[in-house]
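Undergrad: Take a look at this one; I'll ask things after.
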Amino acid sequence: MSDQIPETPLFVRSHGDIGYPLNKMAMSLCQAENREAFKADEEAFLDRYGLSADQKRAVMDRDWEAMVRLGGNLFFILKISAIDPVPITAIGAAQAGMSHDDFVYGRLGKVRHG
Amino acid sequence: MAELIGGLGTSHVPSIGVALDRGLRDTPDWKPFFDGYIPAQKWMADHKPDIAVVIFNDHGNAFFLDRVPTLAVGVADRYKPIDEGWGPRAVPDFEGASAFSWHFVDQLVENHFDPLVCREIDVDHGLQVPMELFFGRPDAWPVKIVPIFVNTIQYPIPTPQRMWDLGRVLRRSIESWLTDDRIVILGTGGLSHQLQGTRAGFLNREADRAWLDEIGPNPEKYRSMSREDYVETFGSEGAELIMWLVMRGAMDARVKTLHKHYFAPASMTGAGMIVLENEDAA
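Sequences listed follow chains F and V, in order. The working numbering puts the first residue of the first sequence at 1, with every later residue one more than the last. The working numbering puts the first residue of the second sequence at 115, with every later residue one more than the last.
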């Protein structure tokens, strides 16, 4: 199955190949000791998993759009938000290139309460 | 023989579990969502199933990308809820219907499906959240479970027709299971959502409502849609909806839609629920 639907990256082999170190690093954050190591020295931790320079920068900048473009899959890279809390809607807004309010109340059509 | 007493469908959005954990059930954002599940919870309490077969996708928590089974079936006596990185949740362990699981695996292979058979495996929000939505948060779950793991994350994902055929084998497995067990099937995932790419946040309320209206009386169109059609119509992660076809394929051609509920957005997802019974149910 090909990856040809506009604005819709599917997790096909090409993404999986380049994203493997990034996704593997992110999933390791499910273990408390890895979360501690990440917090203690982020760059050294990323080096352990062999991330490319671009991937390292994307993680350290919390650039969610770049992480996905560089092969990150949301279900995996989301683990970074267990260390550095950010709502998933903010990750979505970053990818859509929209402000958080425009994304949540415009694109998602959430109703405002108060 | 065992009896298939109903087929249910539901979203499994992780934020639903988080909302319950944080006591947000009755906040304005969440109350309309959770209240819509009350009829299904009552249906479950009234019908007292013994076994729930739950079709869901793991999200990298039990299987990483080092090995991705397209189809896996749990045969364990017990399944632990996974800590997905935010700390353990106050969700009880799930007791496995291991005898029926093994019978089902046997029937699968007999019918040319080749599942990964899992004796020890944990279950993530894909299974936890549907169980919480239909059974609440009891001290112990009132049913035993059979988890069916379908890969919907790494492409190629299985086809809609394959999911339907899996449901047919599940039905035959229930009918050849010589016990008095009362069995429900929970198809999970969806409805429309997309978490990645510039189309992130894509929702399709019209298609979601049509799905809930039509999956009972007119499932053929969904069975014959391609995977590309699912991604285009329901978003990249919304393609998870193919897992509802296992449930629907296991039911009779003629079903009654007893309850349905729709709420959007739940986090970034169009959230839906349905309760089906066979028209000619005893």
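By construction, the Cβ of each residue, glycine as well, lies at the ideal position given by its N, Cα and C atoms. If you're wondering where the values come from, they're calculated on a predicted model, not measured in any experiment.
Would you please verify whether the beta carbon of residue 175/V is less than 9 Å from any beta carbon of chain F?
TA: Looking up residue 175/V in the second sequence gives position 61. Taking Cβ atoms only, chain F reaches closer than 9 Å to residue 175/V, which makes this a yes.
Undergrad: Return yes when the Cβ of residue 291/V is within less than 9 Å of the Cβ of residue 333/V, no when it is not.
TA: As a first step, residue 333/V must be located in the second sequence, where it is residue number 219. As a first step, residue 291/V must be located in the second sequence, where it is residue number 177. No, the Cβ-Cβ distance between residue 333/V and residue 291/V is not below 9 Å.
Undergrad: Report back the beta-carbon spacing between residue 283/V and residue 225/V to the nearest angstrom; my notes put them in contact at under 8 Å.
TA: Along the second sequence, read from residue 1 onward, the residue named residue 283/V stands at position 169. Along the second sequence, read from residue 1 onward, the residue named residue 225/V stands at position 111. 5 Å between Cβ atoms; contact.
Undergrad: Along chain F, which residues have their Cβ under 8 Å away from the Cβ of residue 308/V?
TA: In the second sequence, counting from the first residue as 1, residue 308/V sits at position 194. The answer, in chain order, is 8.
Undergrad: According to DSSP, is residue 388/V part of a helix, a strand, or is it coil?
TA: Position 274 of the second sequence, counting from 1, holds the residue named residue 388/V. Reduced to three states, the DSSP call for residue 388/V is strand.
Undergrad: Taking the Cβ atom as the reference point for each residue, do residue 299/V and residue 185/V lie within a distance shorter than 9 Å?
TA: One-based indexing of the second sequence puts residue 299/V at position 185. One-based indexing of the second sequence puts residue 185/V at position 71. Taking 9 Å as the Cβ cut-off, residue 299/V and residue 185/V do not qualify as a contacting pair.
Undergrad: In this structure, how does DSSP classify residue 168/V when only helix, strand and coil are distinguished?
TA: Stepping through the second sequence from its first residue, residue 168/V is reached at position 54. In the structure shown, residue 168/V sits in a strand (DSSP, three-state: E or B).
Undergrad: Taking 7 Å as the limit between beta carbons, can you name the residues of its chain near residue 215/V, skipping five residues before and five after?
TA: The residue you call residue 215/V lines up with position 101 of the second sequence. The residues are 187, 188, 189 and 260.
Undergrad: Using a Cβ-Cβ cutoff of less than 6 Å, which residues in the same chain neighbour residue 207/V once the five nearest sequence positions on both sides are dropped?
TA: Position 93 of the second sequence, counting from 1, holds the residue named residue 207/V. Taken in chain order, the residues that qualify are 192 and 194.
Undergrad: Give the residues from the segment 11-23 of chain F that approach chain V closer than 7 Å (Cβ to any Cβ), ordered along the chain.
TA: Within the segment 11-23 of chain F, the qualifying residues are 11, 12, 16, 20 and 23.
Undergrad: Against residue 268/V, what residues of chain F qualify as contacts under a CB-to-CB distance less than 7 Å, listed in chain order?
TA: Looking up residue 268/V in the second sequence gives position 154. By Cβ distance, chain F contributes 11 and 16.
Undergrad: For chain F, check one thing: does any of its Cβ atoms lie closer than 9 Å to the Cβ of residue 200/V?
TA: The sequence position of residue 200/V within the second sequence is 86, counting from 1. Interface residue, yes.
Undergrad: Using the rule of at least 16 other Cβ atoms within 10 Å of the residue's Cβ for burial, across every protein chain shown, is residue 4/F buried or exposed?
TA: Taking the first sequence and counting its residues from 1, one reaches residue 4/F at position 4. Counting Cβ neighbours within 10 Å, residue 4/F comes out exposed, since fewer than 16 surround it.
Undergrad: Pull out every residue of the segment 320-351 of chain V whose Cβ sits closer than 9 Å to any Cβ of chain F, in chain order.
TA: Listed in sequence order: 340, 341, 342, 345, 346, 349, 350 and 351.
Undergrad: Taking the Cβ atom as the reference point for each residue, do residue 315/V and residue 355/V lie within a distance shorter than 9 Å?
TA: Numbered from 1 along the second sequence, position 201 holds the residue referred to as residue 315/V. Numbered from 1 along the second sequence, position 241 holds the residue referred to as residue 355/V. No; because the gap between Cβ atoms is not below 9 Å, this pair is not in contact.
Undergrad: Ignore the nearest five residues each way along the sequence and tell me which others in residue 379/V's own chain have a CB closer than 7 Å to its CB.
TA: For the purposes of this step, residue 379/V is taken as the residue at position 265 of the second sequence. Contacts found: 317.
Undergrad: Threshold first: 3 residues or longer. Then list the beta strand (DSSP E) segments lying entirely within the segment 316-396 of chain V, N to C.
TA: Listed in chain order, they are 369-380 and 383-392.
Undergrad: If distances are taken between C-alpha atoms only, which option among 140/V, 220/V, 151/V and 311/V comes closest to residue 249/V?
TA: As a working mapping, residue 249/V is identified with position 135 in the second sequence. The residue with the shortest Cα to Cα distance from residue 249/V is 151/V.
Undergrad: Does the Cβ-Cβ distance between residue 176/V and residue 238/V come in under 9 Å?
TA: The sequence position of residue 176/V within the second sequence is 62, counting from 1. The sequence position of residue 238/V within the second sequence is 124, counting from 1. Cβ atoms of residue 176/V and residue 238/V: closer than 9 Å.
Undergrad: Taking C-beta pairs closer than 7 Å, name the residues in chain F that residue 382/V reaches, listed in chain order.
TA: On the second sequence, residue 382/V is found 268 positions in, with the first residue counted as 1. The answer, in chain order, is 88, 89, 92 and 108.
Undergrad: Go ahead and label residue 335/V buried or exposed: buried means 16 or more other beta carbons lie within 10 angstroms of its beta carbon, across all protein chains shown.
TA: Here residue 335/V refers to the residue found at position 221 of the second sequence. Residue 335/V should be labelled exposed.
Undergrad: With 16 other CB atoms within 10 Å as the buried threshold, where does residue 274/V fall?
TA: On the second sequence, residue 274/V is found 160 positions in, with the first residue counted as 1. Looking at its Cβ environment, which holds 16 or more other Cβ atoms inside 10 Å, residue 274/V is buried.
Undergrad: Mind checking whether residue 123/V and residue 361/V have CB atoms under 9 Å apart?
TA: Within the second sequence, residue 123/V is the residue found at index 9, counting from 1. Within the second sequence, residue 361/V is the residue found at index 247, counting from 1. Yes. Within cutoff.
Undergrad: Using the Cβ count rule (16 or more neighbours within 10 Å means buried), how would you classify residue 111/F?
TA: In the first sequence, the residue the question calls residue 111/F occupies position 111. Label assigned to residue 111/F: exposed.
Undergrad: Counting along the chain, where does the beta strand (DSSP E) carrying residue 186/V start and finish?
TA: Residue mapping note: residue 186/V aligns to position 72 of the second sequence, counting from 1. Segment 185-188, the beta strand (DSSP E) holding residue 186/V.
Undergrad: Sorted by chain position, which residues of the same chain lie with C-beta nearer than 7 Å to residue 65/F's C-beta, five sequence neighbours on each side aside?
TA: For the purposes of this step, residue 65/F is taken as the residue at position 65 of the first sequence. The residues are 94 and 95.
Undergrad: On the DSSP bridge assignment, give the partners of residue 297/V in chain order.
TA: Here residue 297/V corresponds to residue number 183 of the second sequence, with the count starting at 1. Residue 297/V pairs with 118/V and 165/V.
Undergrad: Quick test of your reading: residue 120/V and residue 389/V, contact by CB under 8 Å. State the CB separation rounded to the nearest angstrom.
TA: Here residue 120/V is taken as the residue at index 6 of the second sequence, counted from 1. Here residue 389/V is taken as the residue at index 275 of the second sequence, counted from 1. Indeed, because the Cβ distance is near 6 Å, the residues count as touching under 8 Å.
Undergrad: Indicate whether at least one CB of chain F lies closer than 9 Å to the CB of residue 116/V.
TA: Residue numbering aside, residue 116/V sits at position 2 when the second sequence is read from its first letter. False, the Cβ-Cβ gap to chain F never drops below 9 Å.
Undergrad: So, for residue 115/V: in the same chain, excluding its five sequence neighbours on each side, which residues have a beta-carbon less than 8 Å away from its beta-carbon?
TA: Here the question's residue 115/V lines up with position 1 in the second sequence. Closer than 8 Å at Cβ, skipping near neighbours: 288, 289, 290, 291, 292 and 293.
Undergrad: In chain order, which continuous runs of the alpha helix (DSSP H) of length 4 or greater are located wholly inside the segment 167-236 of chain V?
TA: Those alpha helix (DSSP H) runs which fall completely within the segment 167-236 of chain V and span 4+ residues are 212-224.
Undergrad: Enumerate, from N- to C-terminal direction, the unbroken alpha helix (DSSP H) stretches of 4 or more residues contained entirely within the segment 234-264 of chain V.
TA: The segment 234-264 of chain V contains these whole alpha helix (DSSP H) runs: 239-249.
Undergrad: Please work out which residues of its chain come closer than 7 Å, Cβ to Cβ, to residue 369/V, disregarding the five sequence neighbours upstream and downstream, and give them in chain order.
TA: Looking up residue 369/V in the second sequence gives position 255. Same-chain partners within the cutoff: 330, 390, 391, 392 and 393.
Undergrad: Kindly give me the distance between the Cβ atoms of residue 262/V and residue 163/V, rounded to whole angstroms, as I take these residues to be in contact under 8 Å.
TA: Taking the first residue of the second sequence as 1, we reach residue 262/V at position 148. Taking the first residue of the second sequence as 1, we reach residue 163/V at position 49. At roughly 16 Å, the Cβ-Cβ gap does not stay under 8 Å, so residue 262/V and residue 163/V are not in contact.
Undergrad: What residue from 280/V, 377/V, 353/V and 322/V has the CA that sits closest to residue 363/V's CA?
TA: Counting from one through the second sequence, the residue named residue 363/V turns up at place 249. When only C-alpha atoms are compared, the closest one is 280/V.
Undergrad: Contact criterion: CB-CB distance below 9 Å. Does residue 203/V meet it with respect to chain F?
TA: Position 89 of the second sequence, counted from the start, is the residue given in the question as residue 203/V. Closer than 9 Å: no.
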